[in-house]
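Participant: Take a look at the following structure, please.
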Amino acid sequence: MDILQILLTDSFWAAALRIATPLIFGVLGALICEKAGVLNLGIEGIFAAGAMAGWLAVYLGAGLWGGLLVAALTGAFFGLLHAILTVPLGLSQHVSGLGITLFATSVSYFTYRTALPDVSSPPRIIPFQPLDIPVLSDLPFIGPVLFQQTAMTWLALALVALVWWVLERTPLGMAIRAVGDNPDAVDAQGLSVYALRMGAVVAGSALMALGGAFLTMSAFDAFFFGMVNGRGWICIALVIFASWRPGKALLGALLFGAFDAFQVRMQTEVGAFVPSQVFLMIPYVLSIIALVLVARRAEYPRALLKPWFKGQR
Amino acid sequence: MIRIEPREAPSRLLTLGVPVVSAILALALAAIPLALAGADVFAAYGFMAKGVFGSVFAFTEMLTRASPLIFTGLAATLAFRAKLWNIGGEGQFYLGAMAAVAVGTGWVEAPPIVMIPFILLIGAAAGGIGMAVPTYLKTRFGADEVVTTLLLNFIILIFLQMMLQGPLKDPMGMGWPQSAPIIDQGVLPQLLPRMRIHAGLILALGLAVIAHIALSRTVWGFKLRAVGENAAAALHAGIGVKRTLMGVAMVSGALAGLAGVSEVAGLKGYLTNDLSPGYGYTGIVVAMLAGLSPLGVVVSALFIASVFVGADTMSRAMGVSSYLADLVVSMSLLCVLIGGFVARYKFTRVTREAT
């Protein structure tokens, strides 16, 4: 099988979309936070928290959609913490975000260990199943790629459209974008800078947690320590790559998913000559290269990282 | 209504008091997860104290654990003072350890007086290069160093696994992914008989003093702080900002690299892919808890090491997960952040007419 052959198989593109799904949630979440002027480096920990909380809720009998709700609320909670620290208190977004990542990760690990003290192999749940839509899923190529994904992939794609619509086409979205560009102007309009920024961070963090939940509730059926494995940081890189646009963010996540799916297939092709770790490195290396390529052209939201205090110019 | 206004300069009492109160508060907050886990809270704190102060051995174990944290804490401190966000301490730690193992397992042999400094130097250089690369990408292309250093941590960890299954693999290691042991001439001297504490601690303490002097008394330290406080003004004043940042990056990476050398040549003797339980990331907490002061790093490293060693003992005795330690460490970071806010502002009660 040569390279072209791989690119033409439906299983390849199905895998690419599957790998991209958690990143789509994460990129959208990070994008909303940053559009409002707040970098959220809590993302890596919020992924872990969403993965653990959603899984645990399902394990305890909440049902899959209930689990997603629990995951989103968990993400919103850590987002609120980050929002309080960085918006009204105006503390360093870098340090606060890293603190949230450490905190959310250790809360998740401690909770998992405490809830399930003596398990040797991680217990499993029944995860989201592929939606087998009659007729459509039998279509050649398109069927397996699009119509045999789980409901969470569809949720992610729908959210891309929703986030785009809210940010670009509604007054609320305009206010969120303005608060990340020129908070003084928003304040002059009589809108609350604090409320807009905090709301955006809370909502964005809830989305990040859904990305984590995808890992335990759709991609796998159990929770593992270290399973997030840098996906959060990759999302932060993808947001810059996507110039803070939801559509481009989707494209970036899909490209990333395609590269990742490709490296797995190449591994089986040339694995005898090249150590498997070379392939494992590729996603991270690609993220750095993408960042370097777009960095100079990137138009950061102008008030990103800049705290704003009422009555203080 | 409460009015909040910035202070001219935080008082000395607050500067010292805030981290202490934050650390104690974080430790006290651990009571909540302990109680939720159904443990006897007082007994748990008792075991934690015993784990640190219960015996000479326990105390030296704490000091042993503090050594790498002083190195990584200093690495974060110097970088953060220049507003260079080096979150890559974990990767630089392993680069240092890998370099030490590459040259220290028999490739060259020399008496300890030459061999030990040689290994330290090579490890420091590897760590320094590990931070110089993302800093170059930042100054040349504007690529955000937070993201690149974080991603490099993962790349380096995968590279480490590749090395441990390939060139660095111990041929006598029964197939385990671990390196050959550092040769005897390269092993850091033990400080006390029958204890694990080693000369890495002395080196770390010495570097903390040097870092303090360099930061507060030298032209280099002045430039570093000037770049951190206001890069535009520093550039205007004729300070080579990019050059300064590259210099800070090398030193910061070198310090994190030395942590790796110290662990591999002082404690374990050989390299595995779990040599560091996140020392690079914890170094950031150490630095923040120290208020980015090199001497403060020593104190906060001792505190964080006590939390880890104490929680290990408590966990073994009571069966509560030792992730409690990570919980306390992360909470102390959040507490000291909030404390820093309290210290920087004056809170005065004012009537509505007065505003």
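If you're matching them up, the sequences are chains A and B in order. Anchor point for the first sequence: position 296 equals 295 in numbering that gives the first Met the number 0, and the numbering is continuous, going up by one each time. Anchor point for the second sequence: position 260 equals 259 in numbering that gives the first Met the number 0, and the numbering is continuous, going up by one each time. Using N, Cα and C, we set each Cβ at its ideal position, and we do this for glycine too.
Run down chain A in chain order and give the residues with a C-beta less than 8 Å from the C-beta of B/A101.
Facilitator: Neighbours of B/A101 on chain A: none; closest Cβ ~17 Å, over 8 Å.
Participant: Just how far apart, CA to CA, sit B/F140 and A/A236?
Facilitator: 15 Å
Participant: Would you mind telling me which residues of chain A sit closer than 7 Å to B/G141, beta carbon to beta carbon, in chain order?
Facilitator: A294 and R295
Participant: Would you mind giving the Cβ-Cβ distance between A/L63 and A/V69, rounded to the nearest angstrom? I have them listed as a contact below 8 Å.
Facilitator: Not quite, the Cβ-Cβ distance comes to about 11 Å (not below 8 Å), so this is no contact.
Participant: Going along the chain, which residues of the stretch 77–108 of chain A sit with their C-beta nearer than 7 Å to a C-beta in chain B?
Facilitator: L84, L88, L90, H93, V94, S95, L97, G98, L101, F102, S105, V106 and Y108
Participant: In chain order, what residues of the same chain lie with their CB nearer than 7 Å to the CB of A/P121, ignoring the 5 residues before and after it?
Facilitator: A221, F222 and F223
Participant: With three or more C-beta pairs closer than 8 Å as the rule, is the stretch 198–213 of chain A touching the stretch 42–51 of chain A?
Facilitator: yes
Participant: Quick check: what's the CA-CA separation for A/A184 versus A/A177?
Facilitator: 8 Å
Participant: Check this for me: beta carbons of A/F77 and A/G41, under 7 Å apart or not?
Facilitator: yes
Participant: In chain order, what residues of the same chain lie with their CB nearer than 7 Å to the CB of B/A353, ignoring the 5 residues before and after it?
Facilitator: With a pLDDT of only 47 at B/A353, under 50, the local geometry of the prediction cannot be trusted, and no value is derived from it.
Participant: Step through the CB atoms of chain A and report whether any lies within less than 7 Å of the CB of B/F340.
Facilitator: Yes, its Cβ sits closer than 7 Å to a Cβ of chain A.
Participant: By how many angstroms is the C-alpha of A/W243 removed from the C-alpha of B/A179?
Facilitator: Note on geometry: alpha-carbon atoms of B/A179 and A/W243 lie some 48 Å from one another.
Participant: Measuring only the C-alpha atoms, how far is B/T271 from B/V100?
Facilitator: Between B/T271 and B/V100, the C-alpha separation is close to 11 Å.
Participant: Starting from B/Y280, find everything on chain A with Cβ-Cβ shorter than 9 Å and list it in chain order.
Facilitator: Close to B/Y280, with beta-carbon spacing below 9 Å, are these residues of chain A in chain order: L97, T100 and L101.
Participant: Taking 7 Å as the CB-CB limit, is B/G17 close to chain A?
Facilitator: The residue asked about is misnamed: residue 17 of chain B is Val in this sequence, not Gly. Judged by the 7 Å Cβ criterion, B/V17 is not in contact with chain A.
Participant: Quick test of your reading: B/L77 and B/V285, contact by CB under 8 Å. State the CB separation rounded to the nearest angstrom.
Facilitator: Their Cβ separation, rounded to whole angstroms, is 13 Å, which puts B/L77 and B/V285 out of contact at 8 Å.
Participant: Would you kindly work out how many angstroms separate the C-alpha atoms of B/G239 and B/G246, rounded to a whole number?
Facilitator: The straight-line gap from Cα to Cα measures roughly 11 Å.
Participant: With which residues is B/F346 paired in a DSSP beta bridge?
Facilitator: For B/F346, the beta-bridge partners assigned by DSSP are B/I3.
Participant: Using only the alpha-carbon positions, how far apart do B/Y278 and B/N85 sit?
Facilitator: 13 Å
Participant: Among B/L336, B/E228, B/I283 and B/A131, which one has its Cα closest to the Cα of B/R80?
Facilitator: It is B/E228 whose Cα lies nearest to the Cα of B/R80.
Participant: Does the beta carbon of B/D39 come closer than 7 Å to any beta carbon on chain A?
Facilitator: no
Participant: Quick one: which chain B residues come within Cβ less than 7 Å of A/W163?
Facilitator: What A/W163 touches in chain B: nothing, since even the nearest Cβ is about 24 Å away.
Participant: Going along chain B in order, which residues have a C-beta closer than 8 Å to the C-beta of A/L279?
Facilitator: I157
Participant: In angstroms with no decimal places, state the Cα-to-Cα distance between B/V19 and B/L12.
Facilitator: 11 Å
Participant: Check each residue of the stretch 84–117 of chain B: if its Cβ is closer than 9 Å to any Cβ of chain A, include it; give the result in chain order.
Facilitator: W84 and I86
Participant: How about B/T147 and A/I18: are their beta carbons less than 7 Å apart?
Facilitator: no
Participant: Under a Cβ-count criterion, where at least 16 other Cβ atoms within 10 Å of its own Cβ denotes burial, should A/W54 be classed as buried or exposed?
Facilitator: Flag for A/W54 reads buried.
Participant: DSSP puts A/P129 in a beta bridge; with which residues?
Facilitator: A/T149
Participant: Counting only beta-carbon atoms, is A/R112 nearer than 7 Å to chain B?
Facilitator: yes
Participant: Alpha carbon to alpha carbon, what distance is there between B/M162 and B/V132?
Facilitator: 20 Å
Participant: Going along chain A, which residues have a C-beta under 8 Å from B/P293?
Facilitator: Correct list: empty, because the minimum Cβ distance to chain A is about 18 Å.
Participant: Just the Cα atoms here: how many angstroms apart are B/A123 and B/P276?
Facilitator: Here the C-alpha atom of B/A123 lies approximately 20 Å from the C-alpha atom of B/P276.
Participant: In chain A, which residues lie with their C-beta within 8 Å of the C-beta of B/F302?
Facilitator: Those within 8 Å of B/F302 in chain A number zero; the least Cβ separation is about 16 Å.
Participant: Quick one: using the 10 Å Cβ neighbour count with 16 as the cut-off for buried, is A/G74 buried or exposed?
Facilitator: buried
Participant: Quick check: the Cα distance between A/L101 and A/L138, rounded to an integer number of angstroms?
Facilitator: Their backbone Cα atoms lie some 45 Å apart in a straight line.
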